[in-house]
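Per full-length UniProt numbering, residue 1 is the first one in the sequence shown, and the count goes up by one each step. A virtual CB, placed ideally from N, CA and C, is assigned to each residue, including glycine.
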Amino acid sequence: MKKIGLLGGTFDPPHLGHLLIAEEVYRSLQLDEVWFIPSHDPPHKDATDTPARDRANMTALATEDNEHFSVNTIEIERTGVSYTVDTIRTLREQYEDASFYFIIGGDIVENLNKWYQIDELLTLVTFVGVKRPGYTLNSSIPVTEVEVPVFEVSSTLIRERIEAGESTRYLLPDSVKDYVKERGLYGKK
Numbered sequence: 001m002k003k004i005g006l007l008g009g010t011f012d013p014p015h016l017g018h019l020l021i022a023e024e025v026y027r028s029l030q031l032d033e034v035w036f037i038p039s040h041d042p043p044h045k046d047a048t049d050t051p052a053r054d055r056a057n058m059t060a061l062a063t064e065d066n067e068h069f070s071v072n073t074i075e076i077e078r079t080g081v082s083y084t085v086d087t088i089r090t091l092r093e094q095y096e097d098a099s100f101y102f103i104i105g106g107d108i109v110e111n112l113n114k115w116y117q118i119d120e121l122l123t124l125v126t127f128v129g130v131k132r133p134g135y136t137l138n139s140s141i142p143v144t145e146v147e148v149p150v151f152e153v154s155s156t157l158i159r160e161r162i163e164a165g166e167s168t169r170y171l172l173p174d175s176v177k178d179y180v181k182e183r184g185l186y187g188k189k
């Protein structure tokens with residue numbers, strides 16, 4: 001059975017922190033691959049101004065040099081609000097011979113019990129919580145823990161730096177940085 005990690009997010013933009021998390025989980029759990037799944041409209045966040053297609057393109061550029069990473073656009077193609085359970089149901093139907101490992105940040109683990117249809121989700125995936133060294137994840141939901149080196153970066157920080165004309169060197173893959181510049185994303189409004 002193929003072991004596939006799933007890393008969902010707005011990826012607005014995808015950054016080196018996303019890649020580090022995926023690589024550490026891939027290596028630690030001996031996964032066969034990790035799929036990055038850009039969301040269309042996540043239920044827990046405000047809608048993004050960046051078109052879904054641009055976010056998917058940037059994610060593809062960010063992951064292109066790792067043979068174990070790929071982008072799955074299932075949520076973008078669905079449009080509308082993206083609930084994890086709907087995505088996982090569809091993936092399980094399409095890939096019956098795979099076991100899925102849904103990767104989440106340690107900050108999300110505490111609220112996992114509030115997720116839409118969490119009981120069903122627990123039958124469909126193994127949750128993987130990434131945590132900082134020395135920290136413990138607190139959850140009533142079973143979560144496989146993977147320790148990831150601290151790398152303080154966020155898509156919000158990157159957007160703010162771009163808008164302010166500041167450097168994003170060592171935060172974004174060069175291919176994503178070039179795409180952002182070419183498309184004029186995150187510039188001054």
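Would a C-beta distance cut-off of 8 Å place Thr10 and Arg55 closer than the cut-off?
yes
Give a yes or no on whether the C-beta atoms belonging to Pro173 and Leu16 are separated by under 8 Å.
It is a contact, given that the beta carbons lie within the stated cut-off.
Tell me the residue span of the alpha helix (DSSP H) that contains Glu33.
Run containing Glu33: none in the alpha helix (DSSP H); it sits in the beta strand (DSSP E), 33 to 38.
Sort out for me which residues DSSP pairs Leu7 with in a bridge.
Phe36, Ile103
Report, in whole angstroms, the separation of the C-beta atoms of Trp115 and Asn72, which I expect to be a contact under 8 Å.
Not quite, the Cβ-Cβ distance comes to about 20 Å (not below 8 Å), so this is no contact.
Straight-line Cα distance separating Asn111 from Asp119:
14 Å
Can you give me the C-alpha to C-alpha distance between Phe127 and Glu24, rounded to a whole angstrom?
Going from the Cα of Phe127 to the Cα of Glu24 covers about 15 Å.
Using DSSP with H/G/I as helix, E/B as strand and the rest coil, what is Lys189?
For Lys189, the predicted structure reports a pLDDT of 48, less than 50, and the residue's modelled location is therefore unreliable. The matter cannot be settled from this model.
Just to confirm the assignment, what range does the alpha helix (DSSP H) spanning Glu93 have?
84 to 94
Drop a sphere of 10 angstroms on the beta-carbon of Gly184, count the other beta-carbons inside from all chains shown, and report buried for 16 or more, exposed for fewer.
exposed
Report yes if the CB atom of Val143 is closer than 8 Å to the CB atom of Gly129, and no otherwise.
A Cβ-Cβ contact shorter than 8 Å links Val143 with Gly129.
Flag this pair as yes or no: are the beta carbons of Leu29 and Phe102 separated by less than 8 Å?
No. Outside cutoff.
With 16 as the cutoff for other CB atoms within 10 Å, does Tyr170 come out buried or exposed?
exposed
Backbone secondary structure at Gly80 - three-state DSSP:
In the three-state reduction of the DSSP assignment, Gly80 falls in the coil class, being assigned neither a helical nor a strand state.
Quick one: residues in its chain with C-beta nearer than 8 Å to the C-beta of Tyr186, no 5 flanking neighbours on either side, listed in chain order?
Pro13, Thr50, Ile158, Arg159, Ile162, Glu163, Val180
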